[in-house]
(Lines of atoms letter the chains of each structure in order from A and count residues from 1; the text may use other names and numbers.)
(Lines give C-alpha, C1' and ligand atoms only; values in the text may rest on other atoms or scores of the structure.)
Protein backbone atom coordinates (compact mmCIF):
# COMPACT_ATOMS: atom_id res chain seq x y z
CA UNK A 1 0.00 0.00 0.00
CA UNK A 2 1.35 3.40 -0.97
CA UNK A 3 1.34 5.89 1.89
CA UNK A 4 3.51 8.65 0.38
CA UNK A 5 3.42 10.40 -2.97
CA UNK A 6 6.80 11.27 -4.42
CA UNK A 7 7.41 14.41 -6.48
CA UNK A 8 7.71 12.46 -9.76
CA UNK A 9 4.22 10.97 -9.66
CA UNK A 10 1.17 11.91 -11.72
CA UNK A 11 -2.39 10.80 -11.09
CA UNK A 12 -4.16 9.53 -14.21
CA UNK A 13 -7.89 8.88 -13.87
CA UNK A 14 -9.51 6.79 -16.59
CA UNK A 15 -13.14 5.71 -17.12
CA UNK A 16 -14.67 8.12 -14.61
CA UNK A 17 -17.36 9.28 -17.01
CA UNK A 18 -21.02 8.98 -16.02
CA UNK A 19 -21.89 6.22 -18.49
CA UNK A 20 -18.83 4.13 -17.62
CA UNK A 21 -18.64 4.66 -13.84
CA UNK A 22 -21.56 2.49 -12.85
CA UNK A 23 -21.94 -0.31 -10.31
CA UNK A 24 -20.93 -3.19 -12.54
CA UNK A 25 -17.80 -4.99 -11.36
CA UNK A 26 -16.53 -2.76 -8.56
CA UNK A 27 -18.55 -0.73 -6.05
CA UNK A 28 -18.38 2.61 -7.87
CA UNK A 29 -19.06 4.81 -4.83
CA UNK A 30 -15.94 3.44 -3.13
CA UNK A 31 -13.86 3.86 -6.30
CA UNK A 32 -15.02 7.48 -6.74
CA UNK A 33 -14.42 8.31 -3.07
CA UNK A 34 -10.85 7.00 -3.28
CA UNK A 35 -10.25 8.85 -6.55
CA UNK A 36 -11.45 12.09 -4.94
CA UNK A 37 -9.11 11.52 -1.96
CA UNK A 38 -6.18 11.09 -4.36
CA UNK A 39 -7.11 14.21 -6.35
CA UNK A 40 -7.31 16.19 -3.11
CA UNK A 41 -3.83 14.96 -2.16
CA UNK A 42 -2.19 15.57 -5.54
CA UNK A 43 -3.47 19.07 -6.31
CA UNK A 44 -2.25 20.81 -3.11
CA UNK A 45 1.12 19.13 -3.62
CA UNK A 46 1.34 20.69 -7.09
CA UNK A 47 1.38 17.28 -8.76
CA UNK A 48 -0.30 16.66 -12.11
CA UNK A 49 -3.81 15.21 -12.25
CA UNK A 50 -4.82 13.91 -15.68
CA UNK A 51 -8.48 13.07 -16.24
CA UNK A 52 -8.96 11.08 -19.43
CA UNK A 53 -12.16 12.02 -21.25
CA UNK A 54 -13.43 10.19 -24.32
CA UNK A 55 -16.42 11.19 -26.42
CA UNK A 56 -16.75 8.72 -29.30
CA UNK A 57 -19.94 10.24 -30.72
CA UNK A 58 -19.08 11.49 -34.19
CA UNK A 59 -15.34 10.84 -33.78
CA UNK A 60 -13.49 9.81 -36.95
CA UNK A 61 -11.97 6.76 -35.25
CA UNK A 62 -15.45 5.54 -34.33
CA UNK A 63 -16.52 5.72 -37.98
CA UNK A 64 -13.54 3.65 -39.12
CA UNK A 65 -14.75 0.42 -37.52
CA UNK A 66 -17.04 -1.75 -39.56
CA UNK A 67 -19.11 -4.17 -37.57
CA UNK A 68 -22.39 -5.93 -37.87
CA UNK A 69 -25.03 -3.56 -36.45
CA UNK A 70 -26.02 -4.57 -32.94
CA UNK A 71 -28.80 -2.01 -32.58
CA UNK A 72 -32.35 -3.34 -32.82
CA UNK A 73 -33.80 -3.04 -36.33
CA UNK A 74 -37.41 -2.83 -35.11
CA UNK A 75 -38.56 0.78 -34.44
CA UNK A 76 -40.29 -0.18 -31.18
CA UNK A 77 -37.18 -1.94 -29.86
CA UNK A 78 -35.04 1.05 -30.90
CA UNK A 79 -37.24 3.37 -28.83
CA UNK A 80 -36.97 1.05 -25.83
CA UNK A 81 -33.16 0.93 -26.20
CA UNK A 82 -32.93 4.75 -26.40
CA UNK A 83 -34.93 5.14 -23.19
CA UNK A 84 -32.39 2.93 -21.41
CA UNK A 85 -29.42 5.00 -22.63
CA UNK A 86 -29.43 8.63 -21.50
CA UNK A 87 -27.48 10.43 -24.24
CA UNK A 88 -27.26 13.76 -22.42
CA UNK A 89 -24.15 13.88 -20.28
CA UNK A 90 -23.15 10.25 -20.63
CA UNK A 91 -19.57 11.25 -21.47
CA UNK A 92 -19.36 13.85 -18.67
CA UNK A 93 -16.85 13.28 -15.88
CA UNK A 94 -18.56 12.16 -12.67
CA UNK A 95 -19.32 15.08 -10.30
CA UNK A 96 -17.15 13.59 -7.54
CA UNK A 97 -14.08 14.59 -9.57
CA UNK A 98 -13.81 18.38 -9.93
CA UNK A 99 -12.04 19.61 -13.06
CA UNK A 100 -9.96 22.75 -12.44
CA UNK A 101 -8.48 23.16 -15.91
CA UNK A 102 -9.20 21.54 -19.27
CA UNK A 103 -6.47 21.07 -21.86
CA UNK A 104 -7.43 19.72 -25.26
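Numbering (the working numbering), first residue to last: 89 to 192. Every residue gets a Cβ at the ideal spot worked out from N, C-alpha and C, and that includes glycine. Being a predicted model, the structure only gives us computed values, none of them experimental.
Check                                                                                                               : Outcome
Residue 101 - partner residues in DSSP beta bridges                                                                 : 139
Proximity to residue 103 [Cα-Cα], best of 182, 186, 187, 134                                                        : 182
Short Cβ contact (9 Å threshold) for residue 100 with residue 140                                                   : yes
One or two residues paired with residue 125 in a DSSP bridge                                                        : DSSP output for residue 125 lists no bridge partner at all.
Same chain, Cβ closer than 7 Å to residue 127, neighbours up to 5 away in sequence not counted                      : 99, 137, 185
Inter-residue Cα distance where the pair is residue 133 and residue 119                                             : 22 Å
Residue 121 classed as buried or exposed, judged by whether at least 16 other C-beta atoms fall within 10 angstroms : exposed
Option nearest residue 94 by Cα separation, candidates 163, 188, 130                                                : 130
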